[in-house]
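J.:
Residue numbers (my numbering): 9 to 210.
#1: Please report the Cβ distance between residue 114 and residue 130, rounded to the nearest whole angstrom; I am assuming they are in contact, meaning their Cβ atoms lie under 8 Å.
#2: What distance in whole Å lies between the Cβ atoms of residue 112 and residue 77, which are believed to be in contact at a cut-off of 8 Å?
#3: Would you say the stretch 154-174 touches the stretch 187-196, given that touching needs at least three Cβ pairs under 8 Å?
#4: Indicate the three-state DSSP secondary structure (helix, strand or coil) for residue 175 in the structure shown.
#5: How about residue 97 and residue 138: are their beta carbons less than 9 Å apart?
#6: Express the C-alpha separation of residue 104 and residue 51 in angstroms, rounding to a whole number.
#7: CB-CB under 7 Å to residue 185, same chain, minus the five flanking residues each way: which ones, in chain order?
#8: Would residue 41 and residue 119 qualify as a contact pair, given that the criterion is a beta-carbon distance under 9 Å?
#9: Using the Cα positions of residue 84 and residue 132, report the straight-line distance between them to the nearest angstrom.
#10: Considering only C-alpha positions, which residue in the set 79, 24, 88 and 33 is nearest to residue 68?
#11: I'd like the list of long-range same chain contacts for residue 123, defined as Cβ closer than 8 Å, with 5 residues on each side in sequence excluded.
#12: Whose C-beta lies closer than 6 Å to the C-beta of residue 28 among residues of the same chain, with five residues either side of it excluded?
#13: If you run the structure through DSSP and keep just helix, strand and coil, what is residue 117?
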């Protein structure tokens with residue numbers, strides 16, 4: 009007896025498959041920015057046919073990953089509205105730690121010279137907010153004043169990237185590590201950091 013034909017995926021299933029491909033792509037690209045479509049679809053538990061039902065090619069997938077990252081980073085930048093620059097910086101670091109995989113994927117994708125501008129654009133909202141926070145902290149004398157605030161912002165970014173991309177948040181209970189690193193680089197005394205983090209969480 010012949011098998012019954014498999015029904016076409018419902019729209020909900022199609023949306024689920026697309027989301028699964030994007031989730032897998034973020035995870036795989038974070039570790040290997042040159043990962044193939046086959047590697048990504050295998051990680052998603054789907055077929056090449058399913059992949060090409062949603063994305064024209066690998067570049068289209070990368071574009072979607074960058075766009076999703078941009079959306080998340082925009083939300084992070086918009087959510088950091090604290091008046092105290094130190095608490096704003098703690099809030100920013102905590103939010104980025106929560107999006108560690110997307111930050112890691114963006115950093116990995118940016119290693120491709122052809123994509124560096126697009127990933128920089130995705131991170132632009134966070135960079136702009138970070139610059140504002142460091143300028144405000146400089147002017148209000150609550151963040152370091154021995155170097156220009158633009159330099160502090162760059163050092164903070166590199167410290168955050170270092171922690172986020174080299175320490176797996178799934179395997180450590182030290183959720184405050186990124187925040188401690190960022191605040192220390194910005195000139196906050198280490199003995200004050202936990203109080204600031206507690207205020208940020210309040």
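Think of the CB as a built atom: it goes at the ideal place given N, C-alpha and C, for glycine as much as any other residue.
T.: From the atom records:
#1: Their Cβ separation, rounded to whole angstroms, is 6 Å, which keeps residue 114 and residue 130 in contact under 8 Å.
#2: Residue 112 and residue 77 do not touch by the CB rule: their CB atoms are close to 10 Å apart, not below 8 Å.
#3: Three or more beta-carbon pairs drawn from the stretch 154-174 and the stretch 187-196 are found closer than 8 Å, and the two stretches are therefore classed as touching.
#4: Of the three classes helix, strand and coil, the one that applies to residue 175 here is coil, per DSSP.
#5: Cβ atoms of residue 97 and residue 138: closer than 9 Å.
#6: Residue 51 and residue 104: Cα-Cα distance of roughly 24 Å.
#7: Excluding residues within five positions, the ones whose Cβ falls inside 7 Å are 171 and 175.
#8: Their beta carbons are under 9 Å apart, which means residue 41 touches residue 119 by this criterion.
#9: Their Cα atoms are separated by approximately 11 Å.
#10: Ranking 79, 24, 88 and 33 by Cα distance to residue 68 puts 33 first.
#11: Hits under 8 Å: 70, 74 and 117.
#12: Within the same chain, 52 come within 6 Å of residue 28 by CB-CB distance, once the 5 residues on both sides are set aside.
#13: It is helical.
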